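Take a look at the structure below.
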Amino acid sequence: MTQLAAPKIPEGERVDFDDIHRKRMEKDLLELQTLIDVHFEQRKKEEEELIGLKARIESRRAERAEQQRVRAEKERDRQTRIAEERQRKEDEEAKKRADDEAKKKKVLSNMGAHFGGFLAKAEQRRGKRQTAREIKKKTLAERRKPLAIENLREDGLRAKEMWEWIYQLESEKFDLTEKMRRQKYEVSPSSEENLRKFSAKTVTFYLLFSVNRELKRQKT
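Position 182 of the sequence shown, counting from 1, maps to 182 under the UniProt record's numbering, and the rest follow consecutively.
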């Protein structure tokens, strides 16, 4: 800033105070104007700096917003991939469990069918055996006719022995018939008729042979 020198007063001349006051006012106004110019210049500079700062702030804010948007999008993609992978694994596990359950049910169903058939056959065999025993008991009971031999001597005792032997023979005949009947289920269907004929002939032959042999023994 330019310094103004005070005017010198010539010796012997009249002092003009108005001129001095005027010059002082001009000096003060010049200094004030200079201060105002400096102030406005500084203010303009500060405003420019403030505008630049605001621009940088907005730029950084936009940059951070973009970064956050990108991170959020990446996070959403990551979560989506995780959810899809989890769902895929759950679907695979559910399918595997369903397949295993279906296999178990199929195995159990087959086992149940086979076991049910086995039980049915076993029950059928047991029923046949029980029925056979009942038939045997009933048949022998009907065929067994006790003899009144209290008053008989030797002939009576021989008749009693003959009757007991016939009873035993009937029992053996029945057992043999039932055995032949059970065996026919173990042969092929083509030979079933032959086995039936052979079984009947075998039982008849065995019975006649045993009766004749016993009668010959009794006669001797």
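Note that the Cβ used here is the ideal one computed from N, Cα and C, for glycine as well.
These numbers come from a predicted model, not from an experiment.
- It is roughly 21 angstroms from the alpha-carbon of K45 to the alpha-carbon of S59.
- The three-state reading of DSSP puts D77 in helix, counting H, G and I together.
- The DSSP-derived three-state label of D16 is coil.
- A straight line joining the alpha-carbon of D77 with that of I57 spans about 30 angstroms.
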